[in-house]
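So the structure is just underneath, and the comments pick up after that.
Residue numbers (this note's numbering): 2 to 206.
As structure tokens, this is what we get:
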């Protein structure tokens, strides 16, 4: 399996012990696992096992605390990544519904907006605009709007302009907005591994 790009952020961060509560610290650990799975895992079975572990941890946390926003986003990201690896329409639609619910509850969550934007644009890139819209309800305009919100909300972090640049340039290598976002990512702060990864990837575009 080729190393996955940023389609699920996507994503894309994490694993904790299955019995441990998904606190802010453990959520970051889970997201680091998804990051490693997305960029390091060499085969699909290994990636799917890691995704299942992350999803189980998030689901266990939500069973105890249904309103846990970190666990909600982590589970949605895991579902989205699994959909990408398995070409599951049901998982893709489930991930979309989860991302939309999270952004509706907290429209100022930059990571959730980025994940929603990545979902839309990844589907468009994979299927084409007409099929993505007909099969999944994915829209390029919706993806770009969500990414713009993520960049605006994300402060100085490299993650958000880096992700937006990669997704825009994947659709149109001559996109001037994508090029400007890649430059912004190069100047951005890198507090997490995902920030650093996306900064490097944007610099290579």
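Heads up, the beta-carbon is just placed ideally off N, CA and C, and yes, glycines get one too.
As the structure is a prediction and not an experimental result, all values here were calculated from the model.
C-alpha of residue 119 to C-alpha of residue 109: approximately 16 Å in a straight line. Per DSSP, the beta bridge partners of residue 190 are 158. If only complete runs of 4 or more residues are kept, the stretch 43-68 shows the alpha helix (DSSP H) at 45-65, in order along the chain. Pairing residue 130 with residue 151, the inter-Cα distance amounts to about 22 Å. Here residue 103 is near residue 73, since their CB atoms are less than 8 Å apart. Nearest Cα to residue 173 within the set 206, 46 and 186: 206.
Per DSSP, residue 139 lies in no alpha helix (DSSP H) and is assigned neither H nor E. Assigned with DSSP and collapsed to three states, residue 177 falls in helix. Residue 135 and residue 128 have their alpha carbons spaced roughly 10 Å apart.
As the crow flies, the alpha-carbon of residue 157 is around 22 Å from that of residue 176. The Cβ atoms of residue 147 and residue 121 lie closer than 8 Å to each other. With contacts defined by Cβ atoms closer than 8 Å, residue 167 and residue 199 form a contacting pair.
Residue 55 sits away from residue 77, with the two beta carbons spaced by 8 Å or more.
Shown here for residue 192: same chain residues with a beta carbon closer than 7 Å to its own, the five before and five after excluded, namely 158 in chain order. A distance below 6 Å between beta-carbons, with the five flanking residues on each side excluded, links residue 139 to the following residues of its chain, in chain order: 121, 124, 125 and 133.
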